[in-house]
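Engineer:
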Amino acid sequence: MARQAGRQIRDALMTARQLARNRKERLDWDHLGHVIKAPAVLNKYRKAVKGRSDEAWARQEQISQNHELNSPESKMSTLRSRYKTASFKVDQAEKDQDRITQYIEDFSDDLPDYQLLGIQEEIAKIRAVAIENNVLTGILDSADLDEVERGTSPEEYNRISQALGQYENGIEKIQVFIDTCKGILGI
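If you read the sequence shown in our numbering, its first letter stands for residue 35, the second for the next number, and so on.
In structure tokens:
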């Protein structure tokens, strides 16, 4: 609070000095008085035009923004965005999995048995999580996130959000398993 007051005093003095310099006069109290009174006159004008003070206007804008963020349309938009991001991650994971499979096929004769066993375990984990994610994909696709906007009940939103959260967690698990495979293979 004191820091803000100090900054306001400093800014007022700097503005008064610029005003005096612009008028080619020596800085005096009249310049400082003008600088201090100008915002009050402006606020009085704004209140007359808008019908409320800047503080009341700012409060109303904040309430309006919070309402927009919590609207069903905004929530569903967020879910759509999360689903698109998750789908992109799935595509990347599938490409990584294909590269690992190709690498194993190309160099399986050169890999020690313990590496092959470790990779097979990780691939089995990837497949298990992928099966779970396929079920979740069915739930998410049936929700048709592009069409659901108004009229989405809180229960439906929560069901979709929960499925999407599980889907995202599954993708993170798959990425960990893929990174483990890459670490085992040194790629």
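The beta-carbon is built from N, C-alpha and C at its ideal position, and this holds for glycine as well.
Since the structure is predicted, the reported quantities are computational estimates derived from the model, not experimental observations.
With DSSP run on the structure shown, which of helix, strand or coil describes residue 225?
Structural biologist: There is simply no residue 225 to check, as the chain begins at 35 and stops at 221 in what is shown.
Engineer: Going by DSSP in three states, residue 142 sits in which element: helix, strand or coil?
Structural biologist: coil
Engineer: Determine the direct distance from the alpha carbon of residue 125 to that of residue 188, and round the result to whole angstroms.
Structural biologist: Straight-line Cα distance between these residues: approximately 30 Å.
Engineer: Taking the alpha carbon of residue 144 as the point to measure from, which residue in 122, 220, 159, 212 has its own alpha carbon closest?
Structural biologist: Nearest in C-alpha terms to residue 144, of all of 122, 220, 159, 212, is 220.
Engineer: For the putative contact between residue 128 and residue 214, defined by C-beta atoms under 8 Å, what is the C-beta separation to the nearest angstrom?
Structural biologist: 17 Å between Cβ atoms; not a contact.
Engineer: Residue 136 to residue 114, Cα distance in whole Å?
Structural biologist: 33 Å
Engineer: What residue does the alpha helix (DSSP H) around residue 62 start on, and which one ends it?
Structural biologist: According to the DSSP assignment, residue 62 belongs to no alpha helix (DSSP H), since it is labelled neither H nor E.
Engineer: Name the residue from 218, 140, 123 whose alpha carbon lies nearest to the alpha carbon of residue 206.
Structural biologist: 123
Engineer: Using 8 Å as the threshold, is the C-beta distance between residue 120 and residue 202 below it?
Structural biologist: Taking C-beta atoms as the reference points, residue 120 and residue 202 count as a pair closer than 8 Å.
Engineer: Are the CB atoms of residue 204 and residue 170 nearer to each other than 8 Å?
Structural biologist: yes
Engineer: I need the DSSP call for residue 205, collapsed to helix, strand or coil.
Structural biologist: helix
Engineer: Using the rule of at least 16 other Cβ atoms within 10 Å of the residue's Cβ for burial, across every protein chain shown, is residue 165 buried or exposed?
Structural biologist: exposed
Engineer: Looking only at C-alpha atoms, which of 174, 160, 46, 168 sits nearest to residue 209?
Structural biologist: 160
Engineer: So what does DSSP say about residue 220, is it helix, strand or coil?
Structural biologist: coil
Engineer: Short check: CB of residue 47 to CB of residue 66, under 8 Å?
Structural biologist: yes
Engineer: Going by other Cβ atoms of all chains shown within 10 Å of its Cβ, with 16 needed for buried, is residue 151 buried or exposed?
Structural biologist: It is exposed - the Cβ of residue 151 has fewer than 16 other Cβ atoms within 10 Å.
Engineer: Does the Cβ of residue 79 have 16 or more other Cβ atoms within 10 Å, making it buried, or fewer, making it exposed?
Structural biologist: exposed
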